[in-house]
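The structure under discussion appears below in the form of structure tokens.
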Amino acid sequence: MFDLATGDSSKAINPSKQNPPLGGQEGYRVVFWRVWEVFLCLVEWLSMQQIVRTDYSPVQYAQKNPHEVFSPPLKCKICKRVGRLHRHGIYERNVWDTKVLVIAVARFLCPGCGHTTSLLPQFALPYRLMALAVVDAFFRAEVSKRSDFGWSSLLHRYRRRWEKWWPDLRRKIGCFFGPLSLEDPYGVWIKIGDREGCIAKANRILVEKFTLSLFGQYVIHSPVDFSG
Ligand SMILES: [Zn+2]
Numbered sequence: 088m089f090d091l092a093t094g095d096s097s098k099a100i101n102p103s104k105q106n107p108p109l110g111g112q113e114g115y116r117v118v119f120w121r122v123w124e125v126f127l128c129l130v131e132w133l134s135m136q137q138i139v140r141t142d143y144s145p146v147q148y149a150q151k152n153p154h155e156v157f158s159p160p161l162k163c164k165i166c167k168r169v170g171r172l173h174r175h176g177i178y179e180r181n182v183w184d185t186k187v188l189v190i191a192v193a194r195f196l197c198p199g200c201g202h203t204t205s206l207l208p209q210f211a212l213p214y215r216l217m218a219l220a221v222v223d224a225f226f227r228a229e230v231s232k233r234s235d236f237g238w239s240s241l242l243h244r245y246r247r248r249w250e251k252w253w254p255d256l257r258r259k260i261g262c263f264f265g266p267l268s269l270e271d272p273y274g275v276w277i278k279i280g281d282r283e284g285c286i287a288k289a290n291r292i293l294v295e296k297f298t299l300s301l302f303g304q305y306v307i308h309s310p311v312d313f314s315g
């Protein structure tokens, strides 16, 4: 755990209970985490990615390291080779739940083509810091209450991305989640989460079935032909 404000790795930040940071401080922190997200994009772009189901919360996951017993993927999405991929270490990344956590993400190597696949736990978002549960709480909150969230500037970036992406996502998935309005992205978000039991599961299903996520379409989920 790392407290950006104090540099103290033993303290945790609670975004939902903190008072909103001062403007200058928040600006600094948002810039820091935006830079961190760009760095995360570079790290996660290096592997194919699957979203893996886990019933652990982010805190439990960080403590118990269930990535060590995740089953290897049974097929390489790059070369289509069938057979278990080999364990190939981990990479570490932050997830922001009720505090900043460091989690380990398992990587697997295809002996056929040499490409790697990572298994991101479903509570985390590809390329993004905030846990889906935090985003979900923010989107469900009354508009007037959203500024009560610490780090709301970062969450507002996610909000703008969802508003922009939802019409495209709707066109791509049709009525997979039932008839949903183009005009009410937050009502849609809540309906999708309620329908699937939680928004993290909905995101995992989107990646598995459509190679799409709640915030975009990423090359790490879509097979790419490297044969030239
Ligand atoms: Zn392969």
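Under the working numbering, the sequence shown is numbered contiguously, ending at residue 315.
Heads up, the beta-carbon is just placed ideally off N, CA and C, and yes, glycines get one too.
Note that the structure is a prediction, hence the values are computed from the model and not measured.
query, result
"Chain B contact for phenylalanine 126 (CB, 7 Å cutoff)", "Absent here is chain B; the protein component of the structure consists of one chain."
"Same chain only: Cβ atoms within 7 Å of arginine 140, ignoring 5 sequence neighbours per side", "Gln209 and Arg291"
"Identity of the residue in Glu179, Trp253 and Leu267 nearest leucine 207 by Cα", "Glu179"
"Sequence-distant residues of the same chain with beta carbon closer than 8 Å to leucine 216, five excluded per side", "Trp120, Trp123, Glu124, Leu127, Asn181, Val182, Trp183 and Leu241"
"Closest Cα partner of glutamate 270 within the set Gly284, Cys262, Ile279 and Trp253", "Trp253"
"Inter-residue spacing [alpha-carbon to alpha-carbon] between alanine 193 and arginine 247", "31 Å"
"Closer than 6 Å: arginine 291 CB and nearest ligand 1 heavy atom", "no"
"Sheet register partners of glutamate 229 (DSSP bridge)", "DSSP, once it has assigned bridges, lists no residue as partnering glutamate 229."
"Three-state secondary structure (DSSP) of valine 155", "One point to set straight first is that residue 155 is glutamate, not valine, in the sequence displayed. Three-state DSSP puts glutamate 155 in a helix."
"One or two residues paired with valine 139 in a DSSP bridge", "Pro208"
"Among Tyr273, Tyr214 and Gly199, nearest to isoleucine 307 - alpha-carbon criterion", "Tyr214"
"Glutamine 136 burial status per 10 Å Cβ neighbour count (16 or more: buried)", "buried"
"Valine 146 versus Ala211, Val156, Lys164 and Val169, residue with shortest Cα-Cα distance", "Ala211"
"Cysteine 197 CB to nearest heavy atom of ligand 1 below 6 Å", "yes"
"Chain-order list of residues whose beta-carbon lies under 6 Å from that of histidine 154 (same chain, five-residue window excluded)", "Ala191 and Ala193"
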